[in-house]
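In this text, residue positions in the sequence shown follow my numbering: the first is 4, and each later residue adds one.
Taking it in order: structure first as structure tokens, then the write-up.
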Amino acid sequence: MAEFVCRDCDTSFSLPQSVLDRYPGWTPRQCRDCRDGSKAAISTSSPANSLPSEDPTSGVFTDGSSVPNPGPGGWGVVYVVDNTIVGESYGHGGNTTNNRMELLALINAVDLVPERTEATVFSDSNVAVRTINEWAAGWEKRGWKRKGGPVENLDLVKRAYVAYKQRPELEVRWIKAHVGFRWNEYADELANRGRSEA
4 MAEFVCRDCD TSFSLPQSVL DRYPGWTPRQ CRDCRDGSKA AISTSSPANS
54 LPSEDPTSGV FTDGSSVPNP GPGGWGVVYV VDNTIVGESY GHGGNTTNNR
104 MELLALINAV DLVPERTEAT VFSDSNVAVR TINEWAAGWE KRGWKRKGGP
154 VENLDLVKRA YVAYKQRPEL EVRWIKAHVG FRWNEYADEL ANRGRSEA
């Protein structure tokens, strides 16, 4: 088994030589959990990473989008209490990426919730959720460096991490995308609206 280090989360992972032999010259850069488009394999060891079992009716729902990736992007946030919209916002970026828009959505979510108000902030980006909940603390301790190289989107990673550190009453959780969760779909529509204005 060949060993590699994930560029996103710095964890070691291995692949059988038979897999590598099928793709000569390929060097995997991400573990299974962090691969683009792979949002199903996440740690469930803490409530911040667990999947809601039914459509949440309260919380802050965020989404980011870039089409193509990189390309014009948008982000959207909706704050809902008992299926009633309390606030929403959206925005856009020029030549950007999905990950940057997901992080901007999470940053802007903080502004919608009054201070000292407990709320769950949902994101369908496993990378963004794990960045805030797991990886950023270690990167900060290492002077904002990863074992495998520089931290991507460092400007936004720092802003998001600091924002949620200062607001411990906000819990960031992953939510599965495009499975009919009403408010996650609404945040997706806001992100698309933002992208259309880019």
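Where is the CB? At the ideal position from N, CA and C, for every residue including glycine.
Between the segment 131 to 140 and the segment 98 to 113 there are three or more C-beta pairs closer than 8 Å, enough to call the two in contact. Under DSSP, residue 16 forms a beta bridge with 7.
In the DSSP assignment, residue 66 falls within the beta strand (DSSP E) that extends over 62 to 69.
Fully enclosed beta strand (DSSP E) runs of no fewer than 3 residues occupy 122 to 126 of the segment 103 to 157, in order along the chain. Taking the C-beta atoms as reference points, residue 175 is found nearer than 8 Å to residue 167. Check the Cα spacing between residue 158 and each of 170, 29, 189, 107: the tightest is with 107.
Residue environment: residue 65 is assigned as buried (16 or more neighbouring CB atoms within 10 Å of its CB, all protein chains considered).
Within a 10 Å sphere around the beta-carbon of residue 178 sit 16 or more other beta-carbons, which makes this residue buried. In the DSSP assignment, residue 188 falls within the unbroken alpha helix (DSSP H) covering 185 to 199.
Counting along the chain, the unbroken beta strand (DSSP E) around residue 87 starts and ends at 87 to 99.
In the structure shown, residue 32 falls within a coil segment according to DSSP collapsed to helix, strand and coil. Assignment of residue 162 by DSSP, reduced to helix, strand and coil, places it in the helix class.
Going by beta carbons, residue 80 and residue 122 fall outside the 8 Å limit. Residue 76 and residue 198 have their C-alpha atoms some 5 Å from each other. Taking a contact as a CB-CB distance under 8 Å, the pair residue 97 and residue 194 does not count as one, their CB atoms being some 15 Å apart. Residue 124 sits close to residue 63, with the two beta carbons spaced by under 8 Å. In the structure shown, residue 182 falls within a coil segment according to DSSP collapsed to helix, strand and coil.
If you compare the alpha carbons of 184, 119, 196 with that of residue 86, the shortest gap goes to 184.
Measuring C-alpha to C-alpha distances from residue 18 to each of 150, 4, 69 identifies 4 as the nearest.
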